[in-house]
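S.K.: Here it is, the structure in full.
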Amino acid sequence: MVPGASIRHLALGLLAALLLAGCEARQPAFPDRELPPRQSVTLLDQAGHRVQLARPAERIGTPGVSMASLVLALGGPERLVAVAAEVNHNPWLAHIMPELASRPAPFIRPAGVHLESLLALKPDLVTLWLGNQSQGEKLEQLGIPVMYLGYRSPEEMRQAVLLLGQALGERGQTRAEAFVGYYEASLTRVRAGLAGLSDAARPRVYYASISPLHTEGRDSMIDAWIRTAGGINVAAANLRGDGQVQLENLLTWDPDLIITLGLAQQQAILADPRWQQLRAVRQGRVIVNPRGINAWCTRAAETALQVLWAARLFHPERFADLDMAMETRRFYRQFYAYELSDDEVARVLQGRNPTDPQP
3 MVPGASIRHL
13 ALGLLAALLL
23 AGCEARQPAF
33 PDRELPPRQS
43 VTLLDQAGHR
53 VQLARPAERI
63 GTPGVSMASL
73 VLALGGPERL
83 VAVAAEVNHN
93 PWLAHIMPEL
103 ASRPAPFIRP
113 AGVHLESLLA
123 LKPDLVTLWL
133 GNQSQGEKLE
143 QLGIPVMYLG
153 YRSPEEMRQA
163 VLLLGQALGE
173 RGQTRAEAFV
183 GYYEASLTRV
193 RAGLAGLSDA
203 ARPRVYYASI
213 SPLHTEGRDS
223 MIDAWIRTAG
233 GINVAAANLR
243 GDGQVQLENL
253 LTWDPDLIIT
263 LGLAQQQAIL
273 ADPRWQQLRA
283 VRQGRVIVNP
293 RGINAWCTRA
303 AETALQVLWA
313 ARLFHPERFA
323 DLDMAMETRR
333 FYRQFYAYEL
343 SDDEVARVLQ
353 GRNPTDPQP
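This is the structure:
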């Protein structure tokens, strides 16, 4: 005869076995059931235009380098499926993200596109700058969602980055918030360093854009970073947005400092004897803007670095502890997943390509 305690143990064991078998039988209750789809995305872009996506965008098309740099910073190269040829041939992109050299390029600058080629790539979203609505309407008629972005100030850039992050889904939103956090920390640092700065202590700055006499005045990103960094944009009083000025204007303004979009503009200014009448030229104060994926002074992602560099240039005594090499490395590591070497950092800060000979 089995003792009572043993009978109870045997019963409990049998019950546990039956329960376990039942649980195992219930685990695959819905073996063919699909996971719930990712949530759709609906937002208003910077044109006030409604963007509706069935799911967060995984395949993005965009013309131009500046907009592409934002997509790369928030989503990485795998999200960028359709570009313009200037992205394929960008020296720094070819260096740090070589896979982009062979990316399909259906977009034609400034506002064209091979529609059949773009459709074949099946983009979830195309991002365009404000002012390109006529192109965007054609794409939407073909079923391609379009989002318009544009900014002339740090606040508008912040909005653009957050909108793009929202379109990219949860990971994109997280990276957008990190980017905005970095940019806002840079702005806060500069404003704190310039506390109490008098107008008389602000250098008068001229920016040479695509040519020596092409510049940008008020209501532009150029004017925004010059003012934020503690300078005065000499063209702001006479010009709104971008446009051409005359050398006579420069002689009247006689800026303390000239910043050029690239090496070509600097060399053109230094080679022209007429520019020698300007104080900035005589004093060797014609400076090439840093350039990585794009010039930092433009609307590219690296604009987040521009205000730091400009503040250090305008007011070195107030920003003596600001290490732009360290900041550049940090930015590339965080947003482009690339570790710059000492030589690469130097080239970026000098506005040189990765294969240019050193001066």
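Remember, our numbering sits 2 above the position in the sequence shown when you count from 1. We put the beta carbon where it would ideally sit given N, CA and C, even for glycine. Model, not experiment: these values are computed from the prediction.
(1) Residues in the same chain with beta-carbon distance under 7 Å from H51, minus the five sequence neighbours each way, listed in chain order, please.
(2) Below 7 Å CB to CB, which residues in the same chain sit around V67 once its five sequence neighbours on both sides are set aside?
(3) Considering only residues of the same chain and omitting the five flanking positions on each side of A113, which have a CB-CB separation below 7 Å?
(4) To the nearest angstrom, report how far apart A49 and T129 are at their CA atoms.
(5) So, with DSSP's three-state summary, where would you put E157?
(6) Comparing C-alpha positions only, which one of K124, E118, H97 and Q175 sits nearest to L72?
(7) Considering only C-alpha positions, which residue in the set G63, I261 and A178 is nearest to F316?
(8) Under 8 Å by Cβ, that's how I've got R193 and I234 pegged, so tell me the actual separation to the nearest angstrom.
(9) Between L342 and chain B, is there a C-beta pair that is closer than 8 Å?
(10) Here's the rule I'm using: 16 or more other beta-carbon atoms within 10 Å means buried, otherwise exposed. How should S222 be labelled?
(11) How long is the line joining the alpha carbons of L351 and L46, rounded to whole angstroms?
(12) Do you know offhand how far Q285's Cα is from R349's?
(13) Is there contact between the segment 77–87 and the segment 96–111, where contact requires at least three CB pairs shorter than 8 Å?
(14) Could you give the first and the last residue of the continuous beta strand (DSSP E) run that contains M149?
(15) In whole angstroms, what separates the C-alpha of Q365 from that of L252?
(16) Please check the pair G232 and P292, which I expect to be a contact at CB under 8 Å, by giving their CB distance rounded to whole angstroms.
(17) Helix or strand or just coil, what does DSSP make of G73?
(18) Given E172, which residues of its chain have a CB within under 8 Å of its CB, disregarding the five upstream and five downstream residues?
(19) According to DSSP, simplified to helix, strand and coil, what is I234?
(20) If we count the other Cβ atoms within 10 Å of its Cβ and call it buried at 16 or more, is G63 buried or exposed?
(21) Are V283 and L265 touching if we call contact CB-CB under 8 Å?
(22) Pick out whichever of A239, Q308, W255 and M328 has its Cα sitting closest to the Cα of Q279.
(23) Can you tell me whether DSSP reads W298 as helix, strand or coil?
(24) Should L342 and T330 be called a contact, given that it needs their Cβ atoms to be closer than 8 Å?
(25) Cutting at 7 Å between CB atoms, please list the residues of its own chain near I212, excluding the five before and the five after it.
(26) So for Y185, helix, strand or coil by DSSP?
(27) Taking DSSP as the reference, what is the three-state secondary structure of R52?
(28) Going by beta carbon distance, what residues of the same chain come within less than 7 Å of A70, once the five residues before and after it are set aside?
(29) Relative to the C-alpha of G77, which candidate in V163, E157, L120 and V309 has its C-alpha closest?
M.R.: Taking the geometry as given:
(1) Within the sequence shown, residue 51 is the residue found at index 49, counting from 1. Within the same chain, H51 has close Cβ partners Y150.
(2) Indexing the sequence shown from 1 puts residue 67 at position 65. Same-chain partners within the cutoff: E88, V89, N92, I295, N296 and A302.
(3) Along the sequence shown, one-based indexing puts residue 113 at 111. Closer than 7 Å at the Cβ level, and outside the excluded window around A113, lie N134 and Q137.
(4) As a first step, residue 49 is located in the sequence shown; it is residue number 47 there, counting from the start. As a first step, residue 129 is located in the sequence shown; it is residue number 127 there, counting from the start. Rounded to whole angstroms, A49 to T129 spans 12 Å at the Cα level.
(5) For the purposes of this step, residue 157 is identified with residue 155 of the sequence shown, where counting begins at 1. In the structure shown, E157 sits in a helix (DSSP, three-state: H, G or I).
(6) The residue given as residue 72 occupies position 70 in the sequence shown. For L72, the nearest C-alpha among the options comes from Q175.
(7) Translated into the one-based positions of the sequence shown, residue 316 becomes position 314. Among G63, I261 and A178, the Cα nearest to that of F316 is on I261.
(8) Translated into the one-based positions of the sequence shown, residue 193 becomes position 191. Translated into the one-based positions of the sequence shown, residue 234 becomes position 232. Going by Cβ atoms, the distance from R193 to I234 rounds to 16 Å, so no, they are not a contact pair.
(9) In the structure shown, chain B cannot be found, because there is only a single protein chain.
(10) Taking the first residue of the sequence shown as 1, we reach residue 222 at position 220. With 16 or more Cβ atoms within 10 Å of its Cβ, S222 is classed as buried.
(11) For the purposes of this step, residue 351 is identified with residue 349 of the sequence shown, where counting begins at 1. For the purposes of this step, residue 46 is identified with residue 44 of the sequence shown, where counting begins at 1. Using only the alpha carbons, I get a separation of about 36 Å.
(12) As a first step, residue 285 is located in the sequence shown; it is residue number 283 there, counting from the start. As a first step, residue 349 is located in the sequence shown; it is residue number 347 there, counting from the start. Each residue's alpha carbon lies about 23 Å from the other.
(13) yes
(14) Looking up residue 149 in the sequence shown gives position 147. That run of the beta strand (DSSP E) goes V148 to L151.
(15) Residue 365 lies beyond the stretch modelled for the chain, which goes from 3 to 361, so this question has no answer here.
(16) Your numbering for residue 232 matches position 230 in the sequence shown. Your numbering for residue 292 matches position 290 in the sequence shown. Not quite, the Cβ-Cβ distance comes to about 18 Å (not below 8 Å), so this is no contact.
(17) Against the sequence shown, residue 73 aligns to sequence position 71. Reading off the sequence shown, one finds Val at residue 73, where the question assumed Gly. If DSSP states are grouped into helix, strand and coil, V73 belongs with the helices.
(18) For this step, residue 172 is matched to residue 170 along the sequence shown. Hits under 8 Å: P58.
(19) The residue labelled residue 234 in the question sits at position 232 within the sequence shown. Three-state DSSP puts I234 in a strand.
(20) Numbered from its first residue, the sequence shown carries residue 63 at position 61. It counts as buried.
(21) For this step, residue 283 is matched to residue 281 along the sequence shown. For this step, residue 265 is matched to residue 263 along the sequence shown. For V283 and L265, no; Cβs fall outside 8 Å.
(22) As a working mapping, residue 279 is identified with position 277 in the sequence shown. The option with the nearest alpha carbon to Q279 is W255.
(23) Taking the sequence shown and counting its residues from 1, one reaches residue 298 at position 296. Of the three classes helix, strand and coil, the one that applies to W298 here is coil, per DSSP.
(24) One-based indexing of the sequence shown puts residue 342 at position 340. One-based indexing of the sequence shown puts residue 330 at position 328. Contact: yes.
(25) Looking up residue 212 in the sequence shown gives position 210. Correct list, in chain order: L263.
(26) For the purposes of this step, residue 185 is taken as the residue at position 183 of the sequence shown. Y185: helix per DSSP, three-state reduction.
(27) Taking the first residue of the sequence shown as position 1, residue 52 is located at position 50. Here R52 sits in strand by DSSP.
(28) Against the sequence shown, residue 70 aligns to sequence position 68. Correct list, in chain order: T64, L82, V85 and V89.
(29) Here the question's residue 77 lines up with position 75 in the sequence shown. Checking every option, the nearest Cα to that of G77 belongs to V163.
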